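Working notes, structure below.
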Amino acid sequence: MLNISIFKMEKIRKIPQYKKLQELLRHHILTGTYEEGSLLPSENELCSIHNLTRPTVRHALESLVQEGFIIKRQGKGSIVRKPPQDIGILSISGTSSAIGKPYLITKILQKPKIKPWPDNFPFELSEMEHDFGSIYMERLRYVNNHPVFYDINNIPNINIPRFTARTFEDKSLFEILRNSYQIEIKGGEQRLQAIRADKKLADLLKMKVGDPVLHIERKLSTNRKNFNIYSTIYYNSEEHPISGKF
Numbered sequence: 007m008l009n010i011s012i013f014k015m016e017k018i019r020k021i022p023q024y025k026k027l028q029e030l031l032r033h034h035i036l037t038g039t040y041e042e043g044s045l046l047p048s049e050n051e052l053c054s055i056h057n058l059t060r061p062t063v064r065h066a067l068e069s070l071v072q073e074g075f076i077i078k079r080q081g082k083g084s085i086v087r088k089p090p091q092d093i094g095i096l097s098i099s100g101t102s103s104a105i106g107k108p109y110l111i112t113k114i115l116q117k118p119k120i121k122p123w124p125d126n127f128p129f130e131l132s133e134m135e136h137d138f139g140s141i142y143m144e145r146l147r148y149v150n151n152h153p154v155f156y157d158i159n160n161i162p163n164i165n166i167p168r169f170t171a172r173t174f175e176d177k178s179l180f181e182i183l184r185n186s187y188q189i190e191i192k193g194g195e196q197r198l199q200a201i202r203a204d205k206k207l208a209d210l211l212k213m214k215v216g217d218p219v220l221h222i223e224r225k226l227s228t229n230r231k232n233f234n235i236y237s238t239i240y241y242n243s244e245e246h247p248i249s250g251k252f
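For the sequence shown, my numbering begins at 7 and goes up steadily by one.
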């Protein structure tokens, strides 16, 4: 009975074929295999190369259009777009996807750790989220070797096995959730407020005490019921504006 249950769980977690192709093409774009302005292989070629149906290939390409990685032109095909240089922390595709991994370095200040939810949490939790506790993690992220934002993440400890054992240094949280747990970000809500940097923020973000910092409280909804991702972000926008579809 246990073996059957494990088999069913693994089958549920199986990544859809269109997602595999989407992730592969995204990777090739971000690493420069397909440069800005170049054409992706045609739908027919992608079908033949990857042994996929045309609807599957079209689904993958449409997902890349929505993320801003390609533009489809009638009679030409799928044209690669350069990853935007603005910081896409408001993008549901994630910061790594928005600006490109070559420009982004992630340093883990607090490795993922299971703990109770903080007191006076800024968002209302579902009963299930509250009962299972939170996976807490802190990151400092650099763009072109300059610290740009410090984020604190609280993720429900619900059916994400071995999450705390994973390595997140210079890796995308959203990508790990997509590829390893089939958790997709669907939208969310956020609160933004300008504050002044205290000593801790000034030290982390290499700025002066009292300089303005954008404070963001964010709740991201996913394709899983009772599973939202919560972030507190402190962002130095002096050199890098923020952008992204939400």
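Built from N, CA and C at the ideal position, the CB exists for glycine as well. The structure displayed is predicted, hence computed values, not measured ones.
Other residues of its chain near residue i: CB distance less than 7 Å, five sequence neighbours each side excluded
| i | result |
| --- | --- |
| L210 | L146, P153, Y156 |
| L183 | I189 |
| S44 | V86 |
| M213 | A203, N242 |
| S48 | G83 |
Where the alpha helix (DSSP H) containing residue i begins and where it ends
| i | result |
| --- | --- |
| R64 | 60 to 73 |
| M134 | 133 to 138 |
| K205 | 205 to 211 |
Range covered by the beta strand (DSSP E) that runs through residue i
| i | result |
| --- | --- |
| R184 | Per DSSP, R184 belongs to no beta strand (DSSP E); it is in the alpha helix (DSSP H), 179 to 187. |
| L110 | 110 to 121 |
| D157 | 152 to 162 |
| P218 | 218 to 228 |
| A200 | 191 to 202 |
| I85 | 83 to 86 |
| S243 | Counting along the chain, S243 falls outside any beta strand (DSSP E), and DSSP gives it neither H nor E. |
| R79 | 76 to 79 |
Whole-Å CB distance - residue i paired with residue j, under 8 Å assumed
| i | j | result |
| --- | --- | --- |
| L46 | I76 | 6 Å |
| G74 | R87 | 6 Å |
| K113 | T170 | At roughly 18 Å, the Cβ-Cβ gap does not stay under 8 Å, so K113 and T170 are not in contact. |
| L220 | S237 | That belief does not hold up - the Cβ atoms of L220 and S237 are roughly 13 Å apart, past 8 Å. |
| M134 | N232 | 4 Å |
| P128 | E223 | 5 Å |
| L131 | W123 | 6 Å |
| I111 | D176 | 6 Å |
| L267 | Y240 | Outside the shown range of the chain (7 to 252) lies residue 267, about which nothing can therefore be said. |
| Y24 | A66 | 4 Å |
| K121 | Y142 | 5 Å |
Beta carbon proximity, residue i to chain B, threshold 9 Å
| i | result |
| --- | --- |
| K78 | In the structure shown, chain B does not exist; there is a single protein chain. |
8 Å Cβ shell around residue i - same chain, five flanking residues per side excluded
| i | result |
| --- | --- |
| F138 | P162, N163, I164 |
| I79 | Sequence check: residue 79 is Arg here, not Ile. Hits under 8 Å: I85. |
| H136 | W123 |
Close Cβ partners of residue i (< 6 Å) along its chain, the five nearest in sequence each way excluded
| i | result |
| --- | --- |
| I201 | V219, H221 |
| D217 | A203 |
| I21 | none |
| Q199 | H221 |
Could you tell me which whole alpha helix (DSSP H) segments of length 4 or greater appear in the stretch 17 to 48?
23 to 36
Is it the case that the stretch 182 to 201 contacts the stretch 228 to 241, given that we only count it when at least three CB pairs across the two stretches are under 8 Å?
yes
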